[in-house]
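S.K.: Top line first, the protein sequences correspond to chains A and B.
Quick note on our numbering: the first sequence kicks off at 17 and runs consecutively.
Quick note on our numbering: the second sequence kicks off at 17 and runs consecutively.
There are 2 protein chains.
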Amino acid sequence: MTLDEHWFSEAARGFGMSLMIRQKLHEEQTPYQKIEIYDTERFGRLMTLDGITMLTGRDNFIYHEMMTHPALFAHARPLDVVVVGGGDCGSLHEVLKHPDINTVTQVELDERVTRVSEQFFPELCASNGDPRATLLFEDAIAWMRDATAASADVIVLDTTDPVGQAERLFSMAFYRDCHRVLRDGGILVAQSESPFLDLDILKGLRGEMTAAGFGELRTLQFYLPTYPSGWWSATLAAKNHAFEGLGKPAADSNSVQTRYYSPEIVRAALVLPPWLQAELGQISDIRHQTSDYRQQ
Amino acid sequence: MTLDEHWFSEAARGFGMSLMIRQKLHEEQTPYQKIEIYDTERFGRLMTLDGITMLTGRDNFIYHEMMTHPALFAHARPLDVVVVGGGDCGSLHEVLKHPDINTVTQVELDERVTRVSEQFFPELCASNGDPRATLLFEDAIAWMRDATAASADVIVLDTTDPVGQAERLFSMAFYRDCHRVLRDGGILVAQSESPFLDLDILKGLRGEMTAAGFGELRTLQFYLPTYPSGWWSATLAAKNHAFEGLGKPAADSNSVQTRYYSPEIVRAALVLPPWLQAELGQISDIRHQTSDYRQQ
Numbered sequence: 017m018t019l020d021e022h023w024f025s026e027a028a029r030g031f032g033m034s035l036m037i038r039q040k041l042h043e044e045q046t047p048y049q050k051i052e053i054y055d056t057e058r059f060g061r062l063m064t065l066d067g068i069t070m071l072t073g074r075d076n077f078i079y080h081e082m083m084t085h086p087a088l089f090a091h092a093r094p095l096d097v098v099v100v101g102g103g104d105c106g107s108l109h110e111v112l113k114h115p116d117i118n119t120v121t122q123v124e125l126d127e128r129v130t131r132v133s134e135q136f137f138p139e140l141c142a143s144n145g146d147p148r149a150t151l152l153f154e155d156a157i158a159w160m161r162d163a164t165a166a167s168a169d170v171i172v173l174d175t176t177d178p179v180g181q182a183e184r185l186f187s188m189a190f191y192r193d194c195h196r197v198l199r200d201g202g203i204l205v206a207q208s209e210s211p212f213l214d215l216d217i218l219k220g221l222r223g224e225m226t227a228a229g230f231g232e233l234r235t236l237q238f239y240l241p242t243y244p245s246g247w248w249s250a251t252l253a254a255k256n257h258a259f260e261g262l263g264k265p266a267a268d269s270n271s272v273q274t275r276y277y278s279p280e281i282v283r284a285a286l287v288l289p290p291w292l293q294a295e296l297g298q299i300s301d302i303r304h305q306t307s308d309y310r311q312q
Numbered sequence: 017m018t019l020d021e022h023w024f025s026e027a028a029r030g031f032g033m034s035l036m037i038r039q040k041l042h043e044e045q046t047p048y049q050k051i052e053i054y055d056t057e058r059f060g061r062l063m064t065l066d067g068i069t070m071l072t073g074r075d076n077f078i079y080h081e082m083m084t085h086p087a088l089f090a091h092a093r094p095l096d097v098v099v100v101g102g103g104d105c106g107s108l109h110e111v112l113k114h115p116d117i118n119t120v121t122q123v124e125l126d127e128r129v130t131r132v133s134e135q136f137f138p139e140l141c142a143s144n145g146d147p148r149a150t151l152l153f154e155d156a157i158a159w160m161r162d163a164t165a166a167s168a169d170v171i172v173l174d175t176t177d178p179v180g181q182a183e184r185l186f187s188m189a190f191y192r193d194c195h196r197v198l199r200d201g202g203i204l205v206a207q208s209e210s211p212f213l214d215l216d217i218l219k220g221l222r223g224e225m226t227a228a229g230f231g232e233l234r235t236l237q238f239y240l241p242t243y244p245s246g247w248w249s250a251t252l253a254a255k256n257h258a259f260e261g262l263g264k265p266a267a268d269s270n271s272v273q274t275r276y277y278s279p280e281i282v283r284a285a286l287v288l289p290p291w292l293q294a295e296l297g298q299i300s301d302i303r304h305q306t307s308d309y310r311q312q
């Protein structure tokens, strides 16, 4: 079959993903990109940037929960958080579920992404007026370069794919600035593409993070049906500490309502299949390992 | 964008998946279905039945490993195995990696699926001549009804979606016959569709299995990029025993080479996100649970 104009389709790397649409609700060209909003048949509303899926109403909770809660609960005491990108405000919303957070600063290049989200995804923007939140619309590269050293506990890189403007957000130079801005014990978390389709990007990003001075890395996998292959990842990098708390039940975790995240899900998300462990250099061949996965 | 004739596309439930193709290598109409083989740009060869993806050369290893090894390693001593469907012979091939298996009987309706697989997926059919293997081409409903009671240790339901012919393979009546054919301690494993897109099918199948007399069920999740949503599942049902061995390292596991399966992956695959636990009645609400996931 061919997929006609009743479908939104996105295709790259020989793989296509499509969602059946009822109508286009909005379209605008900003100085940075083309924003489109669709009403889909089965996935709620869809936002695309330059024709690439950013989120749907139906499954964005998985992405936003996994980009925030694993790092926040792994940190001993996160007070100040920076979100880079994340203009739909979904990550901001999840961060603000943590009652002990003092400040969240969101640094998004394109203010129109946030304004359009406020209109079409109000549930993600419900916390934008929280007094702990600061929404900045500027270049994150310059912002991070100029930010005060040791001023953040968690930095969330909620970026688009490493293409065009966003490519610099996957570089050692930028990660080094993040490292400087983090306090000791701080955690950087980046969306790190599909382990299945984009393995080179994942490997490259891990290499750049290590070169930037981060001692420990952990890549989490999660299901994301509307991103290519449905198999997505986030990579966490620690500044001057180990990831002992990652996936452990936190004392305050019951105050944060989630639908995908749980401490058990984090521990499971850390378990990579043998072929991926081999690709990331964690085992020397792909024969499966019988050691307890928590030791990986 | 629209996806034209350079793409194979499959769409249902408002969701589409497409693979870029170089050419169609084979097409035939059998008494049961239309078989097509494509050469894709990035996913190796693709087999479809009536326009639905059965497998690609690139990611079928995940499906076939997860349909077989978790159940086989969870069983105390599997000797006799039955594969229902599975005409591409990939599940058969994985089962025969276990050196202590005595017999594997594959009951596929459409002999042409196997003959076409021998031609286009020879790596999956490499064990078809194994003296432990018997390939039957007949209706599995009748075969299971007439099979000797207590003659199998593991039954693998490697079926197509529950549509048309295959619908009866998702029914209590058929599961009851499987229960009868299993020995005590036996395990039934069924591909159980996408937990994200096909939750009603998964719930229905679990209900039918329970009604058929299976005491314990476990649903495993795994990534499968070329099946809709990329989020797939297998459900295991035990006859007169508990799943104590599921996901534990087996003494003989090093003799079986795998790329996705590992004992740790099985334990991780059992961890369902809170919303899915709630849907399957395993927790009473979706607030995340802090209990150890192995207690689920």
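Every residue gets a Cβ at the ideal spot worked out from N, C-alpha and C, and that includes glycine.
Note that the structure is predicted; figures quoted are calculated from it, not measured.
Does B/Leu-204 come within less than 9 Å of chain A when only Cβ atoms are used?
M.R.: Position 188 of the second sequence holds residue 204 of chain B. No, its Cβ sits nowhere closer than 9 Å to a Cβ of chain A.
S.K.: Which residue or residues does DSSP assign as beta-bridge partners of B/His-42?
M.R.: In the second sequence, the residue the question calls residue 42 of chain B occupies position 26. B/Ile-53, per the DSSP bridge assignment.
S.K.: Assign B/Gln-135 to one of three DSSP states: helix, strand, or coil.
M.R.: Along the second sequence, read from residue 1 onward, the residue named residue 135 of chain B stands at position 119. In the structure shown, B/Gln-135 sits in a helix (DSSP, three-state: H, G or I).
S.K.: Can you grab the Cα-Cα spacing for the pair B/Asp-216 / B/Gly-30, in whole Å?
M.R.: Taking the first residue of the second sequence as position 1, residue 216 of chain B is located at position 200. Taking the first residue of the second sequence as position 1, residue 30 of chain B is located at position 14. Cα-Cα distance, rounded: 16 Å.
S.K.: Please name the residue, chosen from B/Ser-25, B/Thr-72, B/Ala-92, that lies closest to B/Gly-202 on a Cα-to-Cα basis.
M.R.: Mapped onto the second sequence, residue 202 of chain B falls at position 186. Comparing Cα positions, the closest option is B/Ala-92.
S.K.: As a quick exercise: from B/Pro-147, B/Ala-158, B/Val-120, pick the residue whose alpha carbon is nearest that of B/Ala-168.
M.R.: Along the second sequence, read from residue 1 onward, the residue named residue 168 of chain B stands at position 152. That would be B/Val-120, whose Cα lies nearest to the Cα of B/Ala-168.
S.K.: Enumerated in chain order, which unbroken segments of the alpha helix (DSSP H) with a length of 4 residues or greater are wholly contained in the stretch 240-287 of chain A?
M.R.: 279-285
S.K.: Give a yes or no on whether the minimum CB-CB distance between A/Leu-236 and chain B is below 9 Å.
M.R.: Taking the first sequence and counting its residues from 1, the one referred to as residue 236 of chain A is at position 220. Output row for A/Leu-236: interface = no.
S.K.: Measure the alpha-carbon distance for A/Thr-313 versus A/Lys-40 and round it to whole angstroms.
M.R.: Here chain A covers residues 17 to 312 and nothing more, so residue 313 of chain A does not appear.
S.K.: Could you name the residues of the same chain whose beta carbon sits closer than 6 Å to that of A/Leu-245, not counting the 5 residues immediately before and after it, in chain order?
M.R.: Here residue 245 of chain A is taken as the residue at index 229 of the first sequence, counted from 1. Reading the sequence as shown, one finds Ser at residue 245 of chain A and not Leu. Excluding positions up to five away in sequence, the list reads Ser-210, Phe-212, Leu-213.
S.K.: So, using beta-carbon positions, are B/Pro-47 and A/Trp-247 closer together than 9 Å?
M.R.: Within the second sequence, the letter at position 31 stands for residue 47 of chain B. Within the first sequence, the letter at position 231 stands for residue 247 of chain A. Cβ distance not < 9 Å, so B/Pro-47 and A/Trp-247 don't count as in contact.
S.K.: Measure from the C-beta of B/Thr-121 to each C-beta in chain E and report whether the shortest distance is under 9 Å.
M.R.: The structure shown contains no chain E; its protein chains are A and B.
S.K.: Taking DSSP as the reference, what is the three-state secondary structure of A/Asp-75?
M.R.: By 1-based counting over the first sequence, the position of residue 75 of chain A is 59. Coil.
S.K.: So B/Asp-104 packs on B/Leu-62, CB below 8 Å; how close in whole Å?
M.R.: Numbered from its first residue, the second sequence carries residue 104 of chain B at position 88. Numbered from its first residue, the second sequence carries residue 62 of chain B at position 46. B/Asp-104 to B/Leu-62, Cβ: 12 Å. No contact.
S.K.: According to DSSP, which residues form a beta bridge with A/Arg-61?
M.R.: The residue you call residue 61 of chain A lines up with position 45 of the first sequence. Beta-bridge partners assigned by DSSP to A/Arg-61: A/Asp-55.
S.K.: Please determine, among A/Met-33, A/Val-98, A/Phe-77, A/Glu-43, the residue with the shortest C-alpha to C-alpha distance to B/Pro-289.
M.R.: By one-based count along the second sequence, residue 289 of chain B stands at place 273. Minimum Cα distance to B/Pro-289 is reached at A/Phe-77.
S.K.: Using 9 Å as the limit for Cβ to Cβ distance, is A/Gly-103 near chain B?
M.R.: Here the question's residue 103 of chain A lines up with position 87 in the first sequence. No, because no Cβ of chain B sits closer than 9 Å to the Cβ of A/Gly-103.
S.K.: Per DSSP, what kind of secondary structure is A/Leu-35 in: helix, strand or coil?
M.R.: Stepping through the first sequence from its first residue, residue 35 of chain A is reached at position 19. Note: A/Leu-35 maps to strand in three-state DSSP.
S.K.: Measuring CB to CB, does B/Lys-264 end up less than 9 Å from B/Phe-89?
M.R.: Position 248 of the second sequence, counting from 1, holds the residue named residue 264 of chain B. Position 73 of the second sequence, counting from 1, holds the residue named residue 89 of chain B. Yes, these two residues count as a Cβ contact at 9 Å.
S.K.: Any C-beta of chain A within less than 7 Å: which residues of the stretch 234-266 of chain B qualify?
M.R.: Tyr-239, Pro-241, Ser-245, Gly-246, Trp-247, Pro-265
S.K.: Alpha carbon to alpha carbon, what distance is there between A/Ala-149 and B/Phe-59?
M.R.: The residue you call residue 59 of chain B lines up with position 43 of the second sequence. The residue you call residue 149 of chain A lines up with position 133 of the first sequence. A direct Cα-to-Cα measurement between B/Phe-59 and A/Ala-149 gives close to 44 Å.
S.K.: Going by CA-CA distance only, name the one from A/Met-225, A/Glu-260, A/Ala-258 that's closest to A/Ala-250.
M.R.: Counting from 1 along the first sequence, the entry for residue 250 of chain A is found at position 234. If we check each option's Cα against that of A/Ala-250, A/Met-225 comes out closest.
S.K.: Chain A beta carbons: is any one of them nearer than 9 Å to that of B/Thr-56?
M.R.: Taking the first residue of the second sequence as 1, we reach residue 56 of chain B at position 40. It does; some Cβ of chain A falls within 9 Å.
S.K.: Can you tell me where the alpha helix (DSSP H) holding A/Ser-143 begins and where it ends?
M.R.: By one-based count along the first sequence, residue 143 of chain A stands at place 127. Secondary structure note for A/Ser-143: it is in no alpha helix (DSSP H), with a DSSP letter that is neither H nor E.
S.K.: If you count every other CB in all the chains shown that lies within 10 Å of the CB of A/Pro-115, and 16 or more means buried, which is it?
M.R.: For the purposes of this step, residue 115 of chain A is taken as residue 99 along the first sequence, with counting starting at 1. By the neighbour-count rule (16 or more Cβ atoms within 10 Å), A/Pro-115 is not buried but exposed.
S.K.: At least one CB of chain A closer than 9 Å to the CB of B/Met-33: is that the case?
M.R.: Taking the second sequence and counting its residues from 1, the one referred to as residue 33 of chain B is at position 17. Judged by the 9 Å Cβ criterion, B/Met-33 is in contact with chain A.
S.K.: Would B/Arg-222 count as contacting chain A if we go by Cβ distances under 9 Å?
M.R.: On the second sequence, position 206 is the one that residue 222 of chain B refers to. So no, B/Arg-222 is outside the interface.
S.K.: Can you give the Cα-Cα distance for B/Pro-86 and A/Leu-286, rounded to whole angstroms?
M.R.: Counting from one through the second sequence, the residue named residue 86 of chain B turns up at place 70. Counting from one through the first sequence, the residue named residue 286 of chain A turns up at place 270. Their backbone Cα atoms lie some 19 Å apart in a straight line.
S.K.: Can you pull the DSSP bridge partners for A/Val-129?
M.R.: Reading the first sequence from its first residue, position 113 is the one you call residue 129 of chain A. Its beta-bridge partners do not exist; DSSP assigns none.
S.K.: Using a Cβ-Cβ distance under 9 Å, would B/Gln-305 count as near chain A?
M.R.: Here the question's residue 305 of chain B lines up with position 289 in the second sequence. For B/Gln-305, the predicted model reports a pLDDT of 43, less than 50, meaning its position is unreliable and no value from the coordinates is stated.
S.K.: Quick check: the Cα distance between B/His-22 and A/Arg-234, rounded to an integer number of angstroms?
M.R.: Taking the first residue of the second sequence as position 1, residue 22 of chain B is located at position 6. Taking the first residue of the first sequence as position 1, residue 234 of chain A is located at position 218. Going from the Cα of B/His-22 to the Cα of A/Arg-234 covers about 38 Å.
S.K.: Return the Cβ separation of B/Ala-206 and B/Gly-231 in integer angstroms, given the expectation that the two are a contact with Cβ distance under 8 Å.
M.R.: One-based indexing of the second sequence puts residue 206 of chain B at position 190. One-based indexing of the second sequence puts residue 231 of chain B at position 215. Contact doesn't hold; Cβ gap of about 16 Å is too wide.
S.K.: At what residues does the beta strand (DSSP E) containing B/Val-170 begin and finish?
M.R.: Locating residue 170 of chain B in the second sequence gives position 154, where the first residue counts as 1. That run of the beta strand (DSSP E) goes 168-174.
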